Amino acid sequence: MITSKIVIRKQKKNSYNEAPLYLRITADRKAKFISLGISVNINYWDEKAQQVTRGHQNMQRINNFITTKLAEAQSMSLEAQSKERNVTAQKMKHNLLGRSGINFLDYFKAYNDKLLLRDKINTHRRANSVYIKIKEYMNGQHLAIEDITVKWLKDYELHLSTKKHNSINTIYTEMKGIRRIINEAISEDLIKPESTPFSKYKLKWENVEKNYLTEDELLLIEKLQLPKEECISIHRDIYVLATYAGGLRVSDLLQLKWKDFDGEKLTVKTQKTGSVVYIKLPIKALEIISKYKASASMSEGFIFPIMCKYKNLDKEKYRLKAISSATAYINKDLRKIADLACIDKHIHFHTSRHTWATRALRKGMRIEYVSKLMGHASIKTTQVYAKIVNEELDKAMDVFNDAKTEYLKVIA
């Protein structure tokens, strides 16, 4: 049973003989106190009636306030007991204060632990990165979930920007991670939907320039003489294949097996989204794949003999580590390849994806098809590449201005 009573804390009286009023909540013989923010002269307090007596100048106003608070506590008590059996005084206090009593970092960690139990290794890795940064920022201080306010988010954003030197898009990722946890708490009815600070705090995203190869630069890489059967040659092939095969991500290409290839098409279940895409390969891509057919029996079913070097690939934890390790190795070789081809650009595997998208649009492929093949959730993401192609066309039209200049020189 839960009881509520207004009490005066005489031990806290001041020099004017005034003491503060508290709402006392008792459950299972344990009490919690909530300050009403009001102090009254001890001589004007009726302990039995829990009311201010006549003679006090604000008697009516204070008594009305007390009645409201007691009714609120009683109503909330009945509601809480109808929903669950073991309602503590502490929980009632949090409910009355509009607080859940949830430690944000503890809740975040529990969420991350559940991701591991569901084998969501990649999602866990990203979420845990957000968690670690916040834990470091709080430096041992308590952080209730209600403390995640617009002000807190702005302060944390400033910290990430000035102290950690994070970019706008990195901060966007961090804030999106925090929002996910807040939404999770809302979905579990732990906090009210209107309590989210993200209704007022807007996430910021900055479109960054996509690095990609021109047709001439891609040709330089294709024709580059590299030692056959060495890793650098395999890494070049897998990169070039991506520029012809729908801009597949490195994680998907590394895991391609011969069973995914029917001689003309690839069937790929993408690691990032889990969606399945079917890609008809152009002649150049088919030529690259055919180079590895002879060694198929030695590569444990993989088209490219890279992942077969790693162990325990049936377990996601080890598979993701293997992909990360292989990708780092590939990117290291791609920087060497760019130097050998005299390409003055920062090349990493993801530039193959950008290269394919711009090539496809230049060659007249509809943007809807480009978006579908790239696995974009929204066509807005793909429109970034269309903007690049349009800017190239704008520059191409400048030749007419150059021609006019030359003409004026001739007739001058």
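Numbered by the working numbering, the letters in the sequence shown go through residues 287 to 698 in order.
Think of the CB as a built atom: it goes at the ideal place given N, C-alpha and C, for glycine as much as any other residue.
All figures in this text were calculated on a predicted structure; none of them were measured in a lab.
So which of Thr339, Pro306, Leu534 and Glu358 has the shortest CA-CA distance to Thr289?
-> Glu358
Using the C-alpha atoms, what's the distance from Met424 back to Trp491?
-> 25 Å
Expressed to the nearest angstrom, what Euclidean distance is found between the alpha-carbon atoms of Gln376 and Arg310?
-> 11 Å
Segment contact flag, the segment 635–643 with the segment 530–538, C-beta cutoff 8 Å, min 3 pairs = yes
Between the beta-carbon of Tyr498 and the beta-carbon of Ile623, is there less than 9 Å?
-> no
For Glu492, which three-state DSSP category applies?
-> coil
Residue environment, Tyr302, which counts as buried when at least 16 other CB atoms sit within 10 Å = exposed
Tell me Glu304's beta-bridge partners as DSSP assigns them.
-> Asn327
Whole-angstrom C-beta distance between Ile431 and Leu393, which should lie under 8 Å | Residue identity check: residue 393 is Tyr in the sequence provided, not Leu. With a Cβ gap of about 6 Å, Tyr393 and Ile431 count as contacting.
What is the rounded straight-line gap between the Cα of Asn327 and the Cα of Phe484?
-> 44 Å
Could you give the C-beta distance for Leu626 and Leu510, rounded to a whole number, given that I count them as a contact under 8 Å?
-> 6 Å
Give the straight-line distance between the Cα atoms of Leu307 and Asn350, rounded to the nearest whole angstrom.
-> 14 Å
Relative to the alpha-carbon of Lys496, which residue among Ser361, Glu304 and Lys673 has its alpha-carbon at the smallest distance?
-> Lys673
Taking all protein chains shown into account, decide if Met660 is buried (16 or more other Cβ within 10 angstroms of its Cβ) or exposed.
-> buried
When you compare each of Thr667, Cys628, Thr354 and Glu333 to Glu503 by their alpha carbons, which one comes out closest?
-> Cys628
Best match in Lys631, Leu402, Tyr564 and Leu476 for proximity to Ala366 [C-alpha to C-alpha] | Leu476
Under 9 Å between the Cβ atoms of Tyr596 and Ala612?
-> yes
Burial state of Asp405, where buried means 16 or more other Cβ atoms lie within 10 Å | exposed
Whole-angstrom Cβ separation of Asp546 and Leu540, contact assumed at under 8 Å?
-> Not quite, the Cβ-Cβ distance comes to about 12 Å (not below 8 Å), so this is no contact.
7 Å CB neighbourhood of Val293 in its chain, flanking five on each side removed | Tyr308 and Arg310
First and last residue of the uninterrupted beta strand (DSSP E) at Thr289 | Ile288 to Ile294
May I ask you to report which of helix, strand or coil DSSP gives Phe394?
-> helix
Report, in whole angstroms, the separation of the C-beta atoms of Leu429 and Leu391, which I expect to be a contact under 8 Å.
-> 6 Å
In this structure, does DSSP put Asn389 in helix, strand or coil?
-> strand
Return the CA-CA distance between Ile592 and Glu422, expressed in angstroms with no decimal places.
-> 37 Å
Please name the residue in Ser664, Glu474 and Thr374 whose C-alpha comes closest to that of Thr559.
-> Ser664
According to the neighbour-count rule (16 or more other Cβ atoms, all chains shown, within 10 Å of its Cβ), is Tyr564 buried or exposed?
-> exposed
Per DSSP, which one or two residues make a beta bridge with Lys566?
-> Lys551
Whose C-alpha, out of Arg648, Lys478, Lys449 and Ile457, is nearest the C-alpha of Ile388?
-> Lys478
Reference Lys486; option with closest CA among Leu512, Lys449, Val436 and Asn493 | Val436
In three-state terms, what does DSSP make of Gln511?
-> coil
Identify every run of the alpha helix (DSSP H) within the segment 605–629, keeping only runs that are complete inside it and at least 4 residues long; order them along the chain.
-> none
Report the residue from Asp630, Val416 and Tyr671 whose alpha carbon sits nearest the alpha carbon of Gly650.
-> Tyr671
Ignore the nearest five residues each way along the sequence and tell me which others in Leu567's own chain have a CB closer than 8 Å to its CB.
-> Tyr530, Ala531, Glu550, Lys551, Leu552 and Ile575
Are His521 and Ile457 touching if we call contact CB-CB under 9 Å?
-> no
Keeping to the same chain, check which residues put their C-beta closer than 6 Å to that of Met461; ignore five residues upstream and five downstream.
-> Leu489
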